[in-house]
Amino acid sequence: MLRIGCHLSSSKGYLAMGREAVNIKAGTFQFFTRNPRGGNAKAIVPSDVKDFLDFAGEHDISRILGHAPYTLNACSADEKVRDFALRAMTEDLERMEYTPGNCYNFHPGSHVGQGVETGIDLIARLLNQVLKPEQHTTVLLETMAGKGSEIGSRFEELREILDRADLKEHMGVCLDTCHVWDGGYDIVNHLDQVVAEFDRIIGLPRLKAVHLNDSMNPLGAHKDRHARIGEGHIGADAMVRIINHPAFRELPFYLETPNELPGYAREIAFLQEHYED
Ligand code: FE
Ligand code: FE
Ligand code: ZN
């Protein structure tokens with residue numbers, strides 16, 4: 021069974037997201053844990069979470085994915101920005117405990133001229149401050165496009181962060197198809213080789229989620245501009261091969277394509293149609 025959904029707005033709460041997901045025939049969804057541009061998170065309403073969990077059980081919605089705000093930069097040169105990262109991620113992980121057993125994804129960060137090594141060190145330090153042995157959420161590092169000084173566009177960089185995390189059992193990776201393509205991994209012509217390289221460097225068991233996006237730019241562009249499925253340089257055929265690939269097909273997929281809900285519904289229907297049962 022193909023478990024696929026899209027990014028939904030969390031402004032109306034969990035139950036509202038669950039209903040939206042069902043309306044577009046999604047089996048999962050991603051949401052921002054707070055305003056994507058940062059700031060404080062809205063208080064969790066326990067009754068909303070409970071209603072959502074009941075609803076999700078009835079409608080087979082599972083494997084929801086929290087996404088950290090874009091402004092979270094664990095390896096900023098500015099201590100205040102790093103402090104925000106620490107505070108936001110600590111709070112977000114407390115919030116994720118209301119929906120235990122799911123994943124929380126974040127962009128590793130931009131080293132802003134301090135160098136990859138320093139960046140990796142700061143990211144690992146943040147993780148070692150926020151991860152707790154008793155948590156029920158898996159924290160995912162997202163593969164990045166390599167825009168500016170972003171860390172995580174090479175599998176080796178993600179591997180190094182994982183190596184330095186004390187509680188690896190709570191860590192995983194989310195592969196973003198637009199980002200890896202922009203990072204120079206040819207998932208159109210050499211999908212098997214890219215999967216083999218991921219397995220060799222990071223290990224496939226660490227892969228917990230896929231962001232399914234086409235890219236407005238050619239291979240290796242380091243731009244990070246998402247396109248609708250089939251309207252970018254990756255193309256619909258490659259997307260269909262990705263959802264059916266043995267390394268990916270059991271994972272949850274999340275669309276982050278430039279769409280409103282009807283557009284997401286069409287993409288979900290298209291991909292379900294092309295999923296080999
Ligand atoms: Fe992301
Ligand atoms: Fe993404
Ligand atoms: Zn992106």
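Residue numbers (our numbering): 21 to 297.
Backbone N, C-alpha and C fix where the C-beta goes; we use that ideal spot for every residue, glycine too.
Just so you know, these numbers come straight off a predicted model, no measurement behind them.
- Boundaries of the beta strand (DSSP E) harbouring I24: I24 to L28, taken from the DSSP string.
- Rounded to the nearest whole angstrom, the CA to CA distance from G168 to V132 is 8 Å.
- Here the distance from the Cβ of N237 to the nearest heavy atom of ligand 1 is not below 7 Å.
- Put simply, the backbone Cα of L271 is about 29 Å away from that of S67.
- Between ligand 3 and C198, a heavy atom-to-CB distance of less than 7 Å is present.
- By the C-beta density criterion, Q50 is buried, having at least 16 other C-beta atoms within 10 angstroms.
- When DSSP states are grouped into helix, strand and coil, K188 belongs to the helix group.
- For secondary structure counted as the beta strand (DSSP E) over 3 or more consecutive residues, the region 153–236 holds these complete runs in sequence order: 158–162, 191–196 and 227–232.
- At least one heavy atom of ligand 3 lies less than 7 Å from the C-beta of H246.
- Taking every protein chain shown into account, the CB of P128 has 16 or more other CB atoms within 10 angstroms, so this residue is buried.
- Secondary structure of L85 (DSSP, three-state): strand.
- Taking the CA atoms as reference points, N264 sits about 30 Å from A36.
- By the 16-neighbour rule on beta-carbons within 10 angstroms, K228 is buried.
- A direct Cα-Cα distance of roughly 24 Å separates Y34 from N233.
- In the displayed model, T119 falls within coil according to three-state DSSP, outside both helix and strand.
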